[in-house]
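Residue numbers (the working numbering), protein chains in the order written: chain A, 304 to 465; chain B, 304 to 465.
Scroll down for the structure; my scribbles are underneath it.
Protein chains: 2
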Amino acid sequence: MKKQPPCHVWRCALTGVTLLLAACSPPQRSDAEPVTAAVNAVWTRYSSSLNAGDLDSWLSLWTDDGVQLPPGELPVVGKDQLRARNKGVLDKFTVNLSIATDEVGVAGDWAFARGMYTATLTPKEGGPAIPINGKYITILKRQADGSWKIHRDIFNSNVPSR
Amino acid sequence: MKKQPPCHVWRCALTGVTLLLAACSPPQRSDAEPVTAAVNAVWTRYSSSLNAGDLDSWLSLWTDDGVQLPPGELPVVGKDQLRARNKGVLDKFTVNLSIATDEVGVAGDWAFARGMYTATLTPKEGGPAIPINGKYITILKRQADGSWKIHRDIFNSNVPSR
């Protein structure tokens, strides 16, 4: 007679598979809604802090080794460079920025966001305001406390330079 | 006397945990090396196909719903727009592009790449060659066959527009 494995071996295998399915289902689906909300909250604070000229609030949205890739410049690497480069912007201009999210993709503790932004930069020393209209891709990283921070950010204009 | 669970229940739980650890360990670490090699292979073909004027080979590197975000233009969405926009470039210019990877991040079936590129665009109708020097972030997606395709791509110049 062919020997069958004892009943509990099947139960065990089934439990293992059930646990696997529960724990390893793609995070993209289950996480999409709360992560999109978290990313939108990051953009709300990103624009409100720049619009208020609050550099520290804006910097707190970044990871310590965050990298910003602005058009027409070399990469801005880490908190010190992020502070210096963007202090330069806020010293020269009053900013009026708004950001729209077109999509958010989530994979575990990483997310990417893609979207559009419009801004007006008004020179503090006078002169005409500069309208800006562009698009971006951002890589965000989930932190130990569950919050999301900006890790990599790149953007460019929607209109040809004049 | 306190009742203990039968021995096979512990075996079962242990098997489940072992399976979970084996299947759910962070893909970032184990995958980093082969995925970086795969991304570099994508960039080699990306530049060699553009440099050869081979639009079909270049297009095959993209997902069907790929989105390209070039500076000074609106988003280029899906294979038809990718073909039309980049045919326009190859019709006008002989391209000499090379791409360097600064980092690759992996999370499951998603990866991002960040790096630099230099290119020379030589007008086919004559005139001076245009030097380009820029940076990029790209989101890549692992395909069912294990290959990686470009899903989102954005880039901008390292030098101010003149």
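Every residue, glycine too, gets a C-beta built ideally from N, C-alpha and C.
All values reported here derive from a predicted model rather than from experimental measurement.
Between the C-alpha atoms of residue 363 (chain B) and residue 445 (chain B), what's the straight-line distance to the nearest angstrom?
As a working note, residue 363 (chain B) is residue 60 in the second sequence. As a working note, residue 445 (chain B) is residue 142 in the second sequence. In a straight line, the C-alpha of residue 363 (chain B) is about 14 Å away from that of residue 445 (chain B).
Run through the DSSP bridge pairs and tell me what residue 437 (chain A) is partnered with.
Locating residue 437 (chain A) in the first sequence gives position 134, counting from the first residue. A:420 and A:460.
Out of A:413, A:391, A:370 and A:393, state which residue places its alpha-carbon closest to the alpha-carbon of residue 382 (chain A).
Looking up residue 382 (chain A) in the first sequence gives position 79. Out of A:413, A:391, A:370 and A:393, A:370 has the C-alpha closest to the C-alpha of residue 382 (chain A).
Compare the beta carbon distance of residue 421 (chain B) and residue 435 (chain B) with 8 Å and say whether it is the shorter of the two.
Numbered from 1 along the second sequence, position 118 holds the residue referred to as residue 421 (chain B). Numbered from 1 along the second sequence, position 132 holds the residue referred to as residue 435 (chain B). Contact flag set, yes.
Measuring alpha carbon to alpha carbon, tell me which of A:407, A:408, A:410 and A:428 ends up nearest residue 397 (chain A).
Here residue 397 (chain A) refers to the residue found at position 94 of the first sequence. Looking at the Cα atoms, A:428 is the closest of the given residues.
Hey, how far is the Cα of residue 461 (chain A) from the Cα of residue 378 (chain B)?
Position 158 of the first sequence, counting from 1, holds the residue named residue 461 (chain A). Position 75 of the second sequence, counting from 1, holds the residue named residue 378 (chain B). About 8 Å.
For residue 352 (chain A), count the other beta carbons within 10 Å of its own beta carbon; 16 or more makes it buried, fewer makes it exposed. Which is it?
Counting from 1 along the first sequence, the entry for residue 352 (chain A) is found at position 49. Residue 352 (chain A) should be labelled buried.
Per DSSP, which residues does residue 408 (chain B) bridge with? Please list them.
Within the second sequence, the letter at position 105 stands for residue 408 (chain B). Per DSSP, B:415.
Does the beta carbon of residue 365 (chain A) sit closer than 8 Å to a beta carbon anywhere in chain C?
Although the question refers to chain C, the structure presented lacks it and instead comprises the protein chains A and B.
To the nearest whole angstrom, what separates the beta carbons of residue 390 (chain A) and residue 358 (chain A), a pair I think is in contact under 8 Å?
Locating residue 390 (chain A) in the first sequence gives position 87, counting from the first residue. Locating residue 358 (chain A) in the first sequence gives position 55, counting from the first residue. Contact flag correct, Cβ pair sits at about 6 Å.
What span of residues does the beta strand (DSSP E) with residue 372 (chain B) cover, start to end?
Position 69 of the second sequence, counted from the start, is the residue given in the question as residue 372 (chain B). Where residue 372 (chain B) is concerned, the enclosing beta strand (DSSP E) stretches over 365-372.
In whole angstroms, what separates the C-alpha of residue 416 (chain A) from that of residue 386 (chain B)?
Residue mapping note: residue 416 (chain A) aligns to position 113 of the first sequence, counting from 1. Residue mapping note: residue 386 (chain B) aligns to position 83 of the second sequence, counting from 1. Whole-angstrom Cα-Cα distance: 24 Å.
Three-state secondary structure (DSSP) at residue 403 (chain A)?
As a working mapping, residue 403 (chain A) is identified with position 100 in the first sequence. If DSSP states are grouped into helix, strand and coil, residue 403 (chain A) belongs with the strands.
At a Cβ cut of 7 Å, what residues of the region 431-464 of chain B count as close to chain A, listed as they run along the chain?
438, 440, 442, 455, 457, 459, 460, 461, 462, 463 and 464
Who are the near neighbours of residue 346 (chain B) in its chain, counting only those whose CB is closer than 7 Å to its CB and skipping five residues on each side?
Counted from its first residue, the second sequence places residue 346 (chain B) at position 43. Result list for residue 346 (chain B): 402 and 404, in chain order.
Give the single residue among B:443, B:406, B:374 and B:388 whose Cα lies nearest to the Cα of residue 464 (chain A).
Here residue 464 (chain A) refers to the residue found at position 161 when the first sequence is read from its first residue. With distances taken between Cα atoms, residue 464 (chain A) lies closest to B:374.
Rounded to whole angstroms, what is the Cα-Cα separation between residue 453 (chain A) and residue 366 (chain A)?
The residue you call residue 453 (chain A) lines up with position 150 of the first sequence. The residue you call residue 366 (chain A) lines up with position 63 of the first sequence. Between the C-alpha atoms of residue 453 (chain A) and residue 366 (chain A) there is a straight-line separation of about 6 Å.
Taking the straight line between their C-alpha atoms, what separation do you get for residue 443 (chain B) and residue 408 (chain B)?
Numbered from 1 along the second sequence, position 140 holds the residue referred to as residue 443 (chain B). Numbered from 1 along the second sequence, position 105 holds the residue referred to as residue 408 (chain B). Their backbone Cα atoms lie some 10 Å apart in a straight line.
Can you pull the chain A neighbours of residue 411 (chain B), defined as C-beta to C-beta under 7 Å?
Sequence index remark: in the second sequence, residue 411 (chain B) carries index 108 (1-based). Result: 410 and 411.
Quick check on DSSP: helix, strand or coil for residue 452 (chain A)?
Your numbering for residue 452 (chain A) matches position 149 in the first sequence. The answer is strand: DSSP assigns residue 452 (chain A) an E or B state.
Please name the residues in the region 356-385 of chain A whose beta-carbon is closer than 8 Å to at least one beta-carbon of chain B, in chain order.
If you check each beta-carbon in the region 356-385 of chain A against every beta-carbon of chain B, the ones closer than 8 Å belong to 370, 372, 373, 374, 375, 376, 377 and 378.
On the criterion of 16 or more Cβ atoms from any shown chain inside 10 Å, does residue 410 (chain A) qualify as buried, or is it exposed?
Stepping through the first sequence from its first residue, residue 410 (chain A) is reached at position 107. Burial call: buried.
Between residue 393 (chain B) and residue 356 (chain B), is the Cβ-Cβ spacing less than 8 Å?
Indexing the second sequence from 1 puts residue 393 (chain B) at position 90. Indexing the second sequence from 1 puts residue 356 (chain B) at position 53. For residue 393 (chain B) and residue 356 (chain B), yes; Cβs fall inside 8 Å.
Within a Cβ cutoff of 7 Å, which residues of the same chain sit near residue 349 (chain B), ignoring the five residues on either side of it in sequence?
Translated into positions along the second sequence, residue 349 (chain B) becomes position 46. Same-chain partners within the cutoff: 361, 364 and 402.
In angstroms with no decimal places, state the Cα-to-Cα distance between residue 451 (chain B) and residue 426 (chain B).
Sequence index remark: in the second sequence, residue 451 (chain B) carries index 148 (1-based). Sequence index remark: in the second sequence, residue 426 (chain B) carries index 123 (1-based). About 32 Å.
Less than 8 Å between the beta carbons of residue 440 (chain A) and residue 459 (chain B), yes or no?
Residue numbering aside, residue 440 (chain A) sits at position 137 when the first sequence is read from its first letter. Residue numbering aside, residue 459 (chain B) sits at position 156 when the second sequence is read from its first letter. Contact flag unset, no.
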